[in-house]
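Data first, discussion second: the structure below is written as structure tokens.
Numbering (my numbering), first residue to last: 427 to 770.
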């Protein structure tokens with residue numbers, strides 16, 4: 427398949443710029459790929475769509491206030507987006523500037539922060555922040571919420587809470603695992619009361635999640651790296667779910683990539699490290715039965731993953747329906763719930 431096969435037209439008015447007042451009030455497009463049936467619903471109906479013994483797997487990463495503004499010593503403006511925290515006072519970052527800073531240059535950033543550019547590896551710069559405070563502490567004090575590029579406004583105070591899942595606990599992401607944004611505590615309580623169980627993995631979402639596929643042959647696309655952890659507890663919960671005949675339901679494409687990375691040998695095993703797994707049509711799934719996900723950018727790796735999961739024709743038809751039916755798209759938009767086209 428070619429990258430252009432994953433194109434669709436979307437009116438700008440359907441790109442959600444702000445979240446709804448209530449998380450679970452979003453719409454939910456339910457796709458049954460086997461029956462090739464689409465249903466329009468609301469997200470707060472999710473509990474009734476799952477069965478006792480099903481297992482929801484959440485990505486518990488926490489978005490950090492990763493964006494900083496400032497200037498170089500020479501006066502040129504810069505925008506810094508922290509991609510990955512490192513040991514001590516160091517971090518890897520994307521830097522936007524009229525001219526890329528060289529090693530040894532100091533950046534003067536929000537809140538009086540200073541950082542030295544240590545070097546560059548491809549698109550990422552290594553920075554060392556001055557002072558004794560950890561980088562995360564500095565970002566929490568002075569950083570901005572790294573809203574996606576298609577949200578055409580600056581971050582606001584409310585984004586600190588809403589561009590974050592209610593169960594986020596492990597800081598490190600620079601983009602939210604957006605399928606989880608629809609869950610509020612009341613819905614989580616209803617799911618638990620219904621007998622739906624849960625497990626957690628961690629994948630620190632990087633800025634590369636928004637990168638388009640710039641080549642027509644997806645096989646030539648270089649996938650960005652993201653750090654993940656699938657622990658023994660999550661593996662045991664999934665094994666127990668399989669044994670009782672329940673479904674493993676991934677909350678978000680990040681959870682799918684995490685579990686399928688950990689199951690690349692054919693069976694699920696604990697895993698910690700980077701992944702560059704690029705899931706597209708033809709991929710053999712080993713770990714996930716159903717998926718909750720937002721609507722993704724045209725010609726993106728995330729749309730290709732969803733098409734691999736639910737079937738290309740069925741998913742693209744569902745996207746066309748979502749556009750016609752006025753669904754809200756992308757990070758602060760509505761959601762889909764779909765089962766795998768083929769059983770495990």
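Cβ coordinates follow ideal geometry from the N, Cα and C atoms, glycine included.
{"query": "Complete beta strand (DSSP E) runs within the segment 590-655 (minimum length 3 residues, chain order)", "result": "596-599, 623-630"}
{"query": "Assigned secondary structure, residue 741 (DSSP; H/G/I helix, E/B strand, else coil)", "result": "helix"}
{"query": "Reduced DSSP category for residue 520 - H, G, I as helix; E, B as strand; rest coil", "result": "strand"}
{"query": "Residue 600 beta carbon less than 8 Å from that of residue 586", "result": "no"}
{"query": "N- and C-terminal bounds of the alpha helix (DSSP H) containing residue 754", "result": "Where residue 754 is concerned, there is no enclosing alpha helix (DSSP H), given that its DSSP letter is neither H nor E."}
{"query": "Enclosing alpha helix (DSSP H) for residue 561 [first to last residue]", "result": "561-568"}
{"query": "Three or more C-beta pairs below 8 Å linking the segment 502-520 and the segment 755-769", "result": "no"}
{"query": "Expected contact under 8 Å - CB spacing of residue 473 and residue 623 to nearest Å", "result": "Rounded, the Cβ-Cβ distance is 13 Å, inconsistent with contact."}
{"query": "Boundaries of the beta strand (DSSP E) in which residue 730 is found, first to last residue", "result": "Counting along the chain, residue 730 falls outside any beta strand (DSSP E), though it belongs to the alpha helix (DSSP H) covering 727-736."}
{"query": "Nearest-angstrom Cα separation, counted from residue 643 out to residue 459", "result": "26 Å"}
{"query": "Length at least 4, wholly inside the segment 455-515: the alpha helix (DSSP H) runs in chain order", "result": "472-475"}
{"query": "Test item: CB-CB of residue 497 and residue 569 under 8 Å", "result": "no"}
{"query": "Three-state secondary structure assigned by DSSP to residue 438", "result": "helix"}
{"query": "Best match in 555, 619, 506, 437 for proximity to residue 633 [C-alpha to C-alpha]", "result": "506"}
{"query": "Test item: CB-CB of residue 717 and residue 666 under 8 Å", "result": "no"}
{"query": "Closest Cα partner of residue 580 within the set 596, 443, 500", "result": "443"}
{"query": "DSSP state of residue 529 mapped onto helix, strand, coil", "result": "coil"}
{"query": "Endpoints, the beta strand (DSSP E) within which residue 701 is located", "result": "697-701"}
{"query": "Nonlocal neighbours in the same chain, by C-beta distance under 6 Å from residue 731, ignoring five residues either side", "result": "679, 705"}
{"query": "Proximity winner among 536, 546, 574, 577, relative to residue 530 (alpha-carbon distances)", "result": "546"}
{"query": "Cβ neighbour criterion (16 or more within 10 Å) applied to residue 739", "result": "exposed"}
{"query": "Coil, strand or helix - residue 773 by DSSP", "result": "The structure shown does not extend to residue 773, since the chain is modelled only from 427 to 770, so the question has no answer here."}
{"query": "Proximity of residue 469 and residue 482 at Cβ, strictly below 8 Å", "result": "no"}
{"query": "Cα-Cα separation, residue 537 to residue 692", "result": "49 Å"}
{"query": "Proximity below 8 Å, CB of residue 707 to CB of residue 427", "result": "yes"}
{"query": "Residue 764 in three-state terms, based on DSSP", "result": "strand"}
{"query": "Coarse secondary structure for residue 547, derived from DSSP in three states", "result": "strand"}
{"query": "Residue 713 versus 520, 728, 663, 748, residue with shortest Cα-Cα distance", "result": "663"}
{"query": "For residue 679: DSSP bridge partner residues", "result": "The partner list for residue 679 (beta bridge, DSSP) is empty, contrary to what the question assumes."}
{"query": "Pick from 710, 721, 549, 446 that is closest to residue 766, judged by C-alpha positions", "result": "710"}
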